[in-house]
Amino acid sequence: MSNVDLTVEICGMSGDGTIAAGGFLNAAVAKAGFSVMAFDSYPAEIRGFGRCVTRCRIGDEEMLALSDKTHVLISLDDEQSQSRLSGLAESATVIFDNKPPSMVPEGASLAAHVEAGTNLVGIPFRDLAAQAAGSTRGRNIVALGGFAALFEMPPEYFHEVITKKFQAKGASILEGNLRCFDAGYNYSKEKYADRIADTLSSENGNGNPDRILQSGNIAIGEGAIDAGVRLYFGYPITPATPIMEYLAKALPEKGGKLLQMEDEISSIGAVLGSFYAGTRAMTATSGPGFALMTELITHGVMAEIPAVIINTQRGGPATGLPTKTEQSDLQAAVWGGPGDSARIVLAAANVPECYTYTIKCFQLAEKYQTPVIVLTDFFLNNRVETMAPISISEEEKADWNIYPDKEDQNNFHRYRITESGISPRPKPGMEGYSYTATGLEHSEKGGPDYTPENHMAMNSKRHRKIEGALNDMPVPEEYFVEDNLDLGVISWGSTFGAALEAVQKARSNGIKVGALKIASIYPFHADLIRSFMEKCGNILIPELNYEGQLAGLIGHLYDKDVIKLNQTTGVPIYPVEIYQKINEIMSR
Amino acid sequence: MAEKHFIVIGNGPAGKEAAFTLRERDPESRITVISKGRASSYTPHLLPDLVAGKIQEEDLYGCSLNSYAENDIKLRCCQEVVDLNLLKNEVVLEHKEVLSFDGLIIAVGGTPRIPENLLAYKDLMYTLKTLEDAKIWVKKLQQSESVLIIGGDLTSLVLTKALIHLNKKVSFILNEDAFWPLRYDDDLFKEAAQRLTDKGIKVLYDRNIKKIEQLQDGTNKVQVDDQVLQVGMVGAFFGLVPDIGFLAHSGLRIDRGILVDKHLNVGVENIYAAGDCAQIYHPDIKDYWISIGYENARMLGRTAALNLNCGCREEEVKPESIFEVQGININTTWWTEF
């Protein structure tokens, strides 16, 4: 088990610099060689009010999920932080500003609400910031300095990340922020010398500074660039917008272009047009935007045009909970749209998979000539985690499109019915391969054809093609699988990390439980899933949706009812919640 | 009628006893204990046993944190009172929160005193007042085979027992100022020295420390008059200074500690002091007396609480006097055990 497992939470009001402080903390701790998983939570409104929370779990081993308990709460706003106290671990540390601008009545300070036994650490954030930099703006940096001293974290890592952030803003601003950090550090080190713990000392890091700190959003953006994407069409929407922001800078550097469209319909239309013309393109959206795209996605299915859509799920339905996480677009991704419009759906479970599956989906889209949807979610997109750099092979970057043979020239059947269902696809302008691409049902040559025989044959061909794609899709990953498991936990997307941690804990307590991660949502590896299920006395499927959408998709493979654990709280599921469910099942 | 709010400043033996006595006598009132410490109230006279490894940390706690909640006593840990406003009956906490009270017991204890001539070396000397101090002793003793004790108060003598138990080599500079502001009388001083010598401890009498310096190997070179001692650790034990700086502008009468009458009242209605911070008027000697020791502190805390509670109905209940309860009694079990 991990020796270091520290969850730090920073809470403040919009405008307090909460999220910025979290960014510094994550980067500095990662540079110190620790594993990090961090996630921000902020209001849907743009700015000015509402609680902002950033949580960072720090360990010396790979972090699979966030922890339900907070070991250190840094309060930048006492009123906002009060509601966070219930999530504190026993003997937690609370760091707060003990010199507010004016006297406060009994009960108005955070100190009035902390449990006895809490390590309450008062640091005059505002006063120290004002002394160090002439304004109270750097109080969040002062707080970080105080935190670093309390946990014996070498200050140079923070100095490095603060310098990186502020050096372009001039010496005065940079030095002011560095002084703010040092002021908090020195104050804490002197005043709380008897409370310093060596949790984050140099000796406790895992000494792997080569790892990078990456968010799901940026990993998707980098995956797109490395996959050779040179065109992005999109319309801003939380939580997908950071992908667009990243590519707005990255694409021009690669000779590519990003175009903000008037809506999501035109975005998917442009992506289809780009692929039709032979250029890799993508779009990213969330539930409401995805709903708008569905008709044209089915157009891609019918006309057999590749497309890549990242669906960053958030709380729904409709506008829903824009800044909260959920896994409730699975059914929409698999089934959404008119007709029998089978398409490929993948789900990433962690940040490295955000990168690799983004690349993977271009291969699948091109080879199988169909829209491919990658499901992520608010938690996964916005969280950052440490990961080893990934290098991809030339084959993975290669054009996977299957081009027509020479003998097809001048008698080209674009939608030729083949055993695999894949019909070779030329780029427009290739001489002798002209065809009609249409959303109408069509013959092998592309002309409209509504005859019963043709529609049956074409539906069959299109579905055969998608089923065949399974050969190139990620197989389910088994963990701790053995015969006669008492319980199997099947999970997908960002919930999987929590599920695996819960399974590890249950096994350490003697429960025979295994886990299965499903990344290929549609089509899915029914035989492999069934094989896993057959080894398990019960099957538990935890999901961040109300209906149990994966359970609905694969539950029929099991000869009993699968047990569902559904949560729509807007926050990620914690390992302890799945662990408790495992215990409940085992005690039945 | 609004519930009464009693505040107890300090959660040592006196403060804890005061709070639980208040609750015992008044189930309805609101009681808040404000403590600079992080932990539940513990028995400080057992800290040397913790250093000796004879007990574990959990053995120190007389009651759990839960017991405060169970008795509806709000315990505010890691919080410090910085001002007392007698006109408004308010205390101000370091973080600028203002608490009103109907009754107040000040039981803040003290901090180890370092004589002025040794202040320059305070970073090289260790004291033993808190649990944190004890943990530092435990850690440092792992690398130290010898200890020099300077002073000679109660704590130092009990700690010496612990050090002997740990087979450490102990030297002692016995200083008659150790019980400041009281002084050893000659007989007691000689007896203390003899008992220490009998334990195989090298005792030096009233020597002047000229210099303490830390060597590269972590040991300390101590220049004592014309003699040089090299020891692993240096402990300083010169009694306690009441921790009452926050009362400087309160208007309360302060000498070494808070001056209180024989009922522990500070001269202001519903405000009492107890424990190490109280300087108690003795009607017989017509002077102020200072309590020492764990049991005495508890007794004072209880007395203050009883008087604060019954002070509200003075016509029915006679206030308790510590002299009537126990007389002047320094608990000296340390001495006989040593």
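Top line first, the protein sequences correspond to chains A and B. Quick note on numbering: my numbering labels position 355 of the first sequence as 646, and the sequence is numbered without any gaps. Quick note on numbering: my numbering labels position 95 of the second sequence as 220, and the sequence is numbered without any gaps. A virtual CB, placed ideally from N, CA and C, is assigned to each residue, including glycine.
With DSSP run on the structure shown, which of helix, strand or coil describes residue i?
i	result
W414 of chain B	strand
H746 of chain A	helix
K615 of chain A	coil
E182 of chain B	helix
R377 of chain B	For the record, residue 377 of chain B in the displayed sequence is Leu; it is not Arg. L377 of chain B: coil per DSSP, three-state reduction.
D473 of chain A	helix
V395 of chain A	strand
L329 of chain B	strand
R521 of chain A	coil
C827 of chain A	strand
S714 of chain A	coil
M358 of chain B	strand
P695 of chain A	coil
Y567 of chain A	helix
F131 of chain B	strand
A177 of chain B	coil
I708 of chain A	coil
Using the beta-carbon count (16 or more within 10 Å), is residue i buried or exposed?
i	result
I410 of chain B	exposed
V442 of chain B	Low per-residue confidence applies at V442 of chain B: pLDDT is 47, beneath 50, and the placement is therefore not dependable, though the value from the model is reported in the following sentence. Counting Cβ neighbours within 10 Å, V442 of chain B comes out exposed, since fewer than 16 surround it.
R427 of chain B	buried
H220 of chain B	buried
E685 of chain A	exposed
E352 of chain A	exposed
M749 of chain A	buried
S305 of chain A	buried
D554 of chain A	exposed
Q268 of chain B	exposed
S358 of chain A	buried
E440 of chain B	Here E440 of chain B scores only 40 on pLDDT, less than 50, and its place in the model should not be relied on; the value that follows carries that caveat. E440 of chain B should be labelled exposed.
Y523 of chain A	buried
Y837 of chain A	exposed
Y251 of chain B	buried
Please list, in chain order, the chain A residues whose beta carbon lies closer than 7 Å to that of residue i.
i	result
Q204 of chain B	A402, L411
L190 of chain B	A407, G408
Can you pull the DSSP bridge partners for residue i?
i	result
F330 of chain A	A:R346
N602 of chain A	A:T576, A:L666
Q505 of chain A	A:E676
E686 of chain A	Answer is none; E686 of chain A lacks a bridge partner.
H407 of chain B	B:D412
E420 of chain B	Answer is none; E420 of chain B lacks a bridge partner.
P367 of chain B	B:G235
P833 of chain A	A:L856
T298 of chain A	A:R348
E768 of chain A	A:K808
N210 of chain B	B:E215
K548 of chain A	A:L522
P739 of chain A	A:H733
G723 of chain A	Answer is none; G723 of chain A lacks a bridge partner.
F297 of chain B	B:I274, B:V328
V349 of chain B	B:I334, B:Q352
Using a cut-off of 7 Å between C-beta atoms, extract the partners of residue i located in chain B.
i	result
G788 of chain A	Neighbours of G788 of chain A on chain B: none; closest Cβ ~34 Å, over 7 Å.
I want to verify the contact list: residues of chain B whose CB lies under 9 Å from the CB of residue i, in sequence order.
i	result
K390 of chain A	E219, H220, K221
Run down chain A in chain order and give the residues with a C-beta less than 8 Å from the C-beta of residue i.
i	result
E257 of chain B	D485, R486
Y193 of chain B	A407
L200 of chain B	A407
Cβ closer than 8 Å: which chain B residues qualify as neighbours of residue i?
i	result
M394 of chain A	V217, K221, E222, V223
A399 of chain A	E222
Since I believe residue j is in contact with residue i (beta carbons under 8 Å), could you give me their beta-carbon distance rounded to a whole number of angstroms?
i	j	result
V320 of chain A	L491 of chain A	7 Å
I812 of chain A	V642 of chain A	Rounded, the Cβ-Cβ distance is 19 Å, inconsistent with contact.
K658 of chain A	N692 of chain A	7 Å
I534 of chain A	S479 of chain A	That belief does not hold up - the Cβ atoms of I534 of chain A and S479 of chain A are roughly 38 Å apart, past 8 Å.
E676 of chain A	A810 of chain A	Rounded, the Cβ-Cβ distance is 17 Å, inconsistent with contact.
Positions along the region 135-166 of chain B whose CB lies within less than 8 Å of some CB in chain C: The chain labelled as chain C is not found among the protein chains of the depicted structure, namely A and B.
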